[in-house]
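Chemist: For reference, the structure I am asking about is given below.
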Amino acid sequence: MNKEDGRKSVLVIGGGIAGIQASLDLANMGFKVYLVEKSPSIGGRMAQLDKTFPTNDCAMCILAPKMIEANSHPNIELLTYSEVEEISGGIGKFRVRVKKKASFVDRSKCTGCGLCQEKCPWKVDSEFELGLGKRGVIYIPFAQAIPRVATIDKEHCVYLLKGKCRACEKVCSAKAIDFEQKDEHIELRVGAIIVASGLGLYDITSLTEYGYRKIKNVITAIEFERLTAASGPTMGELRRPSDGRTPENIAFVQCVGSRDFRNKAYCSSVCCMHATKEAMLAFEHHPGTKSTIFYMDMRAVGKRFQEYVARAKKEYDVTYVRGRPGRIEVDPENDNPIIWYEETISGRVMSFEAELVVLAQAMIPQITKEFADILGIELNEDGFVKVPDKLAQPLDTTKPGIFACGYVHSPRDIPDSVTQASGAAGRAAEEIASLGSRGGE
Amino acid sequence: MNLEDIIKQTKTYYCLECGKCTSICPVSRHNSNFSPRLMLERALMDSEGELVHDRELFSCLTCYACSDLCPSEVDYPVFTQKVRSLASGQGEHGDCAHSGVLFSLMRLTAHSGIKQKRLDWLDGCRTTQRSEVLYFVGCAPYFEPVFEDIEVSPVNIARNSIKILNALGIEPMLLPNERCCGHDLLWTGDVETFKKLAHINAEMIKESGARKIVFSCPEGYRTFKIDYPQYVKLDCEPVHITELLAQNLSRLPLQPRVKQEGISPEVRKVTYQDPCRLGRHLGIYEPPREIIKAIPGIELVEMEHSGGESICCGTSVWTNCSSYSKEIRIERLSEAKATGAEVLVTTCPKCQIHFKCAMVDKGAEKGPDIKMGVTDLVNLVANAMETRE
Chain B
1 MNKEDGRKSV LVIGGGIAGI QASLDLANMG FKVYLVEKSP SIGGRMAQLD
51 KTFPTNDCAM CILAPKMIEA NSHPNIELLT YSEVEEISGG IGKFRVRVKK
101 KASFVDRSKC TGCGLCQEKC PWKVDSEFEL GLGKRGVIYI PFAQAIPRVA
151 TIDKEHCVYL LKGKCRACEK VCSAKAIDFE QKDEHIELRV GAIIVASGLG
201 LYDITSLTEY GYRKIKNVIT AIEFERLTAA SGPTMGELRR PSDGRTPENI
251 AFVQCVGSRD FRNKAYCSSV CCMHATKEAM LAFEHHPGTK STIFYMDMRA
301 VGKRFQEYVA RAKKEYDVTY VRGRPGRIEV DPENDNPIIW YEETISGRVM
351 SFEAELVVLA QAMIPQITKE FADILGIELN EDGFVKVPDK LAQPLDTTKP
401 GIFACGYVHS PRDIPDSVTQ ASGAAGRAAE EIASLGSRGG E
Chain R
442 MNLEDIIKQT KTYYCLECGK CTSICPVSRH NSNFSPRLML ERALMDSEGE
492 LVHDRELFSC LTCYACSDLC PSEVDYPVFT QKVRSLASGQ GEHGDCAHSG
542 VLFSLMRLTA HSGIKQKRLD WLDGCRTTQR SEVLYFVGCA PYFEPVFEDI
592 EVSPVNIARN SIKILNALGI EPMLLPNERC CGHDLLWTGD VETFKKLAHI
642 NAEMIKESGA RKIVFSCPEG YRTFKIDYPQ YVKLDCEPVH ITELLAQNLS
692 RLPLQPRVKQ EGISPEVRKV TYQDPCRLGR HLGIYEPPRE IIKAIPGIEL
742 VEMEHSGGES ICCGTSVWTN CSSYSKEIRI ERLSEAKATG AEVLVTTCPK
792 CQIHFKCAMV DKGAEKGPDI KMGVTDLVNL VANAMETRE
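Chains as they are written, first to last, in my numbering: chain B, 1 to 441; chain R, 442 to 830.
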């Protein structure tokens, strides 16, 4: 295959489950795929999850084989720790400039032994652990990271900032540390582009009524995932932040920032299910744990979802209370959060004391207006990728040759993201093939 | 305006029935018969018949705690205001406090020819006949005799406001025949009388040539800023005195000793009650705090619920004052006491009246200790200036 022939290659932006799936599908069809991921490892949001609904399968056990396959596939070139800077041209002949950010580690030499991150004398909050755990300034983001190579965080590296340290260099037997490394810019030619940049987390600190970041034992769902994951900062022991005790009485508060005109008007679409799953996990970790889910409308609309909720009630002692809490306060004696809510079936205003509160934080598309402008695509009023024809071409963006899938397209769960990713891969292949049949250029 | 128009105007259609409003409502927490959510539901389900005859229609404090958090941005206080006007048209009224004397006074001043003698308390204040700045006195002279027995002096707030303006080099003019702003009438549904008052006031202000109207009462301020423009044309800018003072802090001769009527001169710690009209209605949270912090020797400590999360003083527009109102006051004063503050400072004369009322109540001895000083921010500032001599 001629590497210069853009019509035989596709750019996939985002190395989460959607981007990986689209890349694998295209690679298996014979296309050359460039998979660009801005963080040091592929895996995305799914890598942070403990289990997946509605089967409670281990998230990493499903994801890791796909990550490995993407890494070893002869038709896929992983460009991790890289960002798309510029795009020109159009369908069949896109020219893409990609910045490979300096990681100050020769990625071809690094063996991923991890000694450097262990010996690095400086520790900062781990992004992967959402600040619940620490990482070295030189780090491998998580245990199953792909590629398994270290990266130096230049914002915090004491040698790069102050000219003194080089501890990592001393312990690296592979001689992979390279403080002279510079950003590299490469140019790609591709026939089509798939945007799969995933989801971000909406900043809920402005919703002061929930006490997030003010009350210690009020956490977000993604934080809860890390606290139950075996690879997480507590090695899978669910411990509440204030005193490290295992909570036996947990409350989940839904729609925190979602379905709220003052914040995000749309439904984040996965929270009813992940709260149900997390309540089950708490019970599995510590049988007898009582979970109460404060919800507005139970949206269990997927295959086997309603049964999943029924199972949570029956086998895991999960109680669902209809009412959107208006305030969370704290009992200073024991750091227990106290939830004020109206039980809307009876109409009574009540308070509920829990040992831990888990907030269903709204999710947002992970794409900026500036990046959309680079791509030349439009976003809708909520910041998701705009889809002009939602019925007949639901994966097409406003620019021919650029397709979207996963959460950046619209709020959706993992199976739907994967389905969409295959769809987007199919659309990209179809468009490129039809150019070929018309003779192209 | 009929119920359907009200539903449209206040976005009641968008209600998700999530109950966030009721869960945060200070009234619902004590009075289980009152629920903003159910009130909206009733409006959507039924014709106006049942709604306007609901006794709890007049229990809402219109404090905006609910709408501030509403995910659907339903304007519940305005919904209440408008439905009350429907109710009022059908002869429904809430339970009126103080034997209705205050409402009688409001309605009396709605007659255009009436002459008042309302400025006999101006000793020590410099005012002029013609000025760019008009000070709107409000109900203070009428409140004075009514609340004498609980030791609240609204006139003192007015007097001190003018003295502070004088200290800033402003000699305001006053309207000798100023009318009630109509706030309480509007919010109890008597829109007709409200309109009459608005027209008379607007006419007098126009004749006065004022460019700026200063208020020490948040209710008058809200009424002029938000409600009057819907009915009358005003060519001048309403300003709350705390906004004016916060902008001119460096020019205020504030001294480090505070004496208040009935309050020891050693007062060091105060807490601040955000009046609903100034806070959630108009978003003025910082200016009063900046002023308190600028008084030397005074420390401001915040209550558990402050700023946008403040809890109302328990009664609005002299209507449906009940045992629940008292419970809300006791709860709020307990919070104020818990801060360790000696004085609760507010910027609304009605907050002061309601808190004082809770303290002098005969039954109060049996409950928690809620006795503490209560005063207006204007008094605090004026006294900090006086100790200069």
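All C-beta atoms in this analysis are idealised placements derived from N, C-alpha and C, irrespective of residue type, glycine included.
#1: Run the CB neighbour count on Phe584(R), radius 10 Å, all protein chains shown included, and call it buried at 16 or more, exposed below.
#2: Could you check the C-alpha separation between Gly232(B) and Ala221(B) for me, to the nearest Å?
#3: For Asn71(B), name the three-state secondary structure that DSSP assigns.
#4: Mind checking whether Glu660(R) and Asn642(R) have CB atoms under 8 Å apart?
#5: Under 8 Å by Cβ, that's how I've got Pro411(B) and Ser268(B) pegged, so tell me the actual separation to the nearest angstrom.
#6: Per DSSP, what are the beta-bridge partners of Ser9(B) in this structure?
#7: For a contact defined as C-beta to C-beta under 9 Å, what are the partners of Gly849(R) on chain B?
#8: For the alpha helix (DSSP H) holding Arg773(R), just list the boundary residues, first then last.
#9: Compare the C-beta of Thr463(R) against all C-beta atoms of chain B and say whether one is closer than 8 Å.
#10: Whose C-beta lies closer than 6 Å to the C-beta of Leu686(R) among residues of the same chain, with five residues either side of it excluded?
#11: Residues of chain B with a CB under 8 Å from the CB of Ser766(R): which are they?
#12: Could you tell me whether the Cβ of Glu430(R) comes closer than 8 Å to any Cβ of chain B?
#13: Could you tell me the alpha carbon to alpha carbon distance between Leu395(B) and Phe403(B), rounded to whole angstroms?
#14: For Leu199(B), does the three-state DSSP call read helix, strand or coil?
#15: How far does the alpha helix (DSSP H) with Arg226(B) in it reach, from first residue to last?
#16: Leaving out five residues before and five after Arg548(R) in sequence, what residues of the same chain have Cβ atoms less than 7 Å from its Cβ?
#17: Does the contact criterion of 3 or more C-beta pairs under 8 Å hold for the stretch 113-127 of chain B versus the stretch 61-75 of chain B?
#18: With which residues is Ile250(B) paired in a DSSP beta bridge?
#19: Within its chain, find whatever has a CB closer than 8 Å to the CB of Leu498(R); leave out the 5 residues flanking it on each side and keep chain order.
#20: Which partner residues of His681(R) appear in the DSSP bridge assignment?
#21: Please report the straight-line C-alpha distance between Phe104(B) and Lys170(B), rounded to a whole angstrom.
#22: Looking at chain B, is there any beta carbon in it that lies within less than 8 Å of the beta carbon of Ser473(R)?
#23: Taking Cβ-Cβ distances shorter than 9 Å, what residues in chain B pair up with Ser540(R)?
#24: Please state the DSSP three-state secondary structure of Gly720(R).
#25: In whole angstroms, what separates the C-alpha of Ala823(R) from that of Lys604(R)?
#26: Counting C-beta neighbours from all protein chains within 10 Å, is the total for Ala825(R) 16 or more, i.e. buried, or is it exposed?
#27: At the level of alpha carbons, what is the spacing between Ile215(B) and Arg571(R)?
#28: Can a CB atom of chain B be found closer than 8 Å to the CB of Ser476(R)?
#29: Quick one: which unbroken beta strand (DSSP E) runs of 3-plus residues sit fully inside the stretch 37-97 of chain B? Chain order, please.
#30: Is the distance from the Cβ of Glu750(R) to the Cβ of Phe261(B) below 8 Å?
#31: Between Ser82(B) and Lys38(B), is the Cβ-Cβ spacing less than 8 Å?
#32: If we ignore side chains and look at the alpha-carbon of each, how far apart do Tyr672(R) and Lys636(R) end up?
#33: Asp373(B) lies in the alpha helix (DSSP H); which residues open and close that run?
#34: My guess is that Arg327(B) and Ser747(R) are in contact by the Cβ rule of under 8 Å, so how many angstroms apart are they, rounded?
#35: Check whether the stretch 182-202 of chain B and the stretch 152-167 of chain B are in contact - that is, three or more C-beta pairs closer than 8 Å.
#36: Under three-state DSSP, which class holds Arg663(R)?
Modeler: Well, looking at it:
#1: Working through the second sequence from its first residue, we reach residue 584(R) at position 143. Its Cβ being crowded by 16 or more others within 10 Å, Phe584(R) is buried.
#2: As a working mapping, residue 232(B) is identified with position 232 in the first sequence. As a working mapping, residue 221(B) is identified with position 221 in the first sequence. Rounded to the nearest angstrom, the two C-alpha atoms are 14 Å apart.
#3: In the first sequence, the residue the question calls residue 71(B) occupies position 71. Note: Asn71(B) maps to helix in three-state DSSP.
#4: Locating residue 660(R) in the second sequence gives position 219, where the first residue counts as 1. Locating residue 642(R) in the second sequence gives position 201, where the first residue counts as 1. Going by C-beta atoms, Glu660(R) is not nearer than 8 Å to Asn642(R).
#5: As a first step, residue 411(B) must be located in the first sequence, where it is residue number 411. As a first step, residue 268(B) must be located in the first sequence, where it is residue number 268. About 5 Å separates the two Cβ atoms, so the contact holds.
#6: Position 9 of the first sequence, counting from 1, holds the residue named residue 9(B). DSSP, once it has assigned bridges, lists Lys32(B) as partnering Ser9(B).
#7: No answer is possible for residue 849(R): it lies beyond the span of chain R, which begins at 442 and ends at 830.
#8: Counting from one through the second sequence, the residue named residue 773(R) turns up at place 332. Counting along the chain, the alpha helix (DSSP H) containing Arg773(R) begins and ends at 764-779.
#9: Counting from 1 along the second sequence, the entry for residue 463(R) is found at position 22. Answer yes: the Cβ-Cβ gap between Thr463(R) and chain B drops below 8 Å somewhere.
#10: Working through the second sequence from its first residue, we reach residue 686(R) at position 245. Correct list, in chain order: Ile732.
#11: By one-based count along the second sequence, residue 766(R) stands at place 325. Those do not exist, as Ser766(R) stays about 17 Å from chain B at its closest Cβ, beyond 8 Å.
#12: Past the edges of chain R, shown from 442 to 830, lies residue 430(R), and the structure says nothing about it.
#13: Here the question's residue 395(B) lines up with position 395 in the first sequence. Here the question's residue 403(B) lines up with position 403 in the first sequence. Cα-Cα distance, rounded: 6 Å.
#14: Residue 199(B) sits at position 199 when you count from the first residue of the first sequence. Strand at Leu199(B).
#15: The residue labelled residue 226(B) in the question sits at position 226 within the first sequence. Residues 221-228.
#16: Here residue 548(R) is taken as the residue at index 107 of the second sequence, counted from 1. Here the set comprises Thr634.
#17: no
#18: Counted from its first residue, the first sequence places residue 250(B) at position 250. Answer is Ser291(B), Leu356(B).
#19: Within the second sequence, numbered from 1, the residue matching residue 498(R) stands at position 57. Same-chain partners within the cutoff: Met480, Leu492, Thr521, Val524, Arg525, Ala528, Glu533, Gly535.
#20: Numbered from 1 along the second sequence, position 240 holds the residue referred to as residue 681(R). The partner list for His681(R) (beta bridge, DSSP) reads Phe656(R).
#21: The sequence position of residue 104(B) within the first sequence is 104, counting from 1. The sequence position of residue 170(B) within the first sequence is 170, counting from 1. One C-alpha to the other measures close to 14 Å.
#22: Against the second sequence, residue 473(R) aligns to sequence position 32. Cβ-Cβ to chain B under 8 Å: yes for Ser473(R).
#23: The sequence position of residue 540(R) within the second sequence is 99, counting from 1. The contact set of Ser540(R) on chain B, defined by CB atoms closer than 9 Å, is empty, because the minimum CB distance reaches about 32 Å.
#24: Against the second sequence, residue 720(R) aligns to sequence position 279. It is helical.
#25: As a first step, residue 823(R) is located in the second sequence; it is residue number 382 there, counting from the start. As a first step, residue 604(R) is located in the second sequence; it is residue number 163 there, counting from the start. So the alpha carbons of these two residues sit roughly 7 Å apart.
#26: Along the second sequence, one-based indexing puts residue 825(R) at 384. The residue in question, Ala825(R), is buried, as its Cβ has 16 or more Cβ neighbours within 10 Å.
#27: Numbered from its first residue, the first sequence carries residue 215(B) at position 215. Numbered from its first residue, the second sequence carries residue 571(R) at position 130. Approximately 55 Å between the Cα atoms of the pair.
#28: The sequence position of residue 476(R) within the second sequence is 35, counting from 1. Against chain B, the CB of Ser476(R) has a partner CB under 8 Å away; the residue lies at that interface.
#29: 76-80, 82-88
#30: The residue given as residue 750(R) occupies position 309 in the second sequence. The residue given as residue 261(B) occupies position 261 in the first sequence. Annotated as distal: Glu750(R) and Phe261(B), with beta-carbon spacing of 8 Å or more.
#31: Counted from its first residue, the first sequence places residue 82(B) at position 82. Counted from its first residue, the first sequence places residue 38(B) at position 38. In contact: Ser82(B) and Lys38(B) (Cβ atoms closer than 8 Å).
#32: Counting from one through the second sequence, the residue named residue 672(R) turns up at place 231. Counting from one through the second sequence, the residue named residue 636(R) turns up at place 195. Going by the C-alpha atoms only, they are around 7 Å apart.
#33: For this step, residue 373(B) is matched to residue 373 along the first sequence. That run of the alpha helix (DSSP H) goes 369-375.
#34: For the purposes of this step, residue 327(B) is identified with residue 327 of the first sequence, where counting begins at 1. For the purposes of this step, residue 747(R) is identified with residue 306 of the second sequence, where counting begins at 1. Not a contact, Cβ separation roughly 13 Å.
#35: no
#36: Taking the second sequence and counting its residues from 1, one reaches residue 663(R) at position 222. Correct three-state label for Arg663(R): helix.
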